[in-house]
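Reviewing the structure listed below.
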Amino acid sequence: MLTGKQKRYLRSQAHHVTPTFQIGKSGLNDNMIEQLNEILENRELIKIHILQNNMDDKKELAEAVSDKTDSELVQIIGSMIVLYKESNENKQIELP
Numbered sequence: 003m004l005t006g007k008q009k010r011y012l013r014s015q016a017h018h019v020t021p022t023f024q025i026g027k028s029g030l031n032d033n034m035i036e037q038l039n040e041i042l043e044n045r046e047l048i049k050i051h052i053l054q055n056n057m058d059d060k061k062e063l064a065e066a067v068s069d070k071t072d073s074e075l076v077q078i079i080g081s082m083i084v085l086y087k088e089s090n091e092n093k094q095i096e097l098p
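When we follow the numbering used here, the leftmost residue of the sequence shown carries the number 3, and every step to the right adds one.
Below, the structure is given as structure tokens:
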């Protein structure tokens with residue numbers, strides 16, 4: 003579980019990250035979760051863009067993605083989800 007200070011730090015880091023993934027009207031599937039896990043292992047901090055044609059509740063969708071990838075939900079801002087997961091092999095981010 004992240005502290006408030008850690009979340010603030012990650013939000014500031016995420017500001018410069020371009021969205022690496024999009025969730026459209028088909029929603030989540032197993033293939034997508036596998037890809038997200040790989041990206042999280044490589045980058046630790048990612049942004050996911052929720053497309054306008056997705057009718058799911060953004061908060062529920064963000065929590066589902068976070069649960070299925072065992073990552074921390076850092077922020078939901080507009081149609082963006084910011085996720086963090088500590089990498090096992092590519093540790094890049096030092097949390098305060």
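Every residue gets a Cβ at the ideal spot worked out from N, C-alpha and C, and that includes glycine. Note that the structure is predicted; figures quoted are calculated from it, not measured.
Could you spell out where the beta strand (DSSP E) holding lysine 49 opens and where it closes? On the sequence shown, residue 49 is found 47 positions in, with the first residue counted as 1. 47 to 52 is the span of the beta strand (DSSP E), which, as asked, contains lysine 49.
Which same chain residues end up closer than 7 Å to glutamine 15 when comparing Cβ atoms and leaving out the 5 residues on each side of it in sequence? By 1-based counting over the sequence shown, the position of residue 15 is 13. Around glutamine 15: Leu47 and Ile95.
CA-CA distance, asparagine 56 and isoleucine 78? Taking the sequence shown and counting its residues from 1, one reaches residue 56 at position 54. Taking the sequence shown and counting its residues from 1, one reaches residue 78 at position 76. Separation of asparagine 56 and isoleucine 78 (C-alpha to C-alpha, rounded to the nearest whole angstrom) is 15 Å.
For aspartate 69 and leucine 75, what's the separation of their Cα atoms in angstroms? Taking the first residue of the sequence shown as 1, we reach residue 69 at position 67. Taking the first residue of the sequence shown as 1, we reach residue 75 at position 73. Answer to the nearest angstrom: the Cα atoms are 9 Å apart.
Please classify leucine 53 as buried or exposed, where buried requires at least 16 other C-beta atoms within 10 Å of its C-beta. As a working note, residue 53 is residue 51 in the sequence shown. Leucine 53 is exposed by the Cβ-count criterion.
Could you please give me the residues that DSSP links to leucine 85 through a beta bridge? Sequence index remark: in the sequence shown, residue 85 carries index 83 (1-based). Note: leucine 85 sits in a beta bridge opposite Ile48 and Leu75.
Go to glutamine 94, then tell me how far its beta strand (DSSP E) extends in each direction, as first and last residue. In the sequence shown, counting from the first residue as 1, residue 94 sits at position 92. In the DSSP assignment, glutamine 94 falls outside any beta strand (DSSP E) and carries neither an H nor an E.
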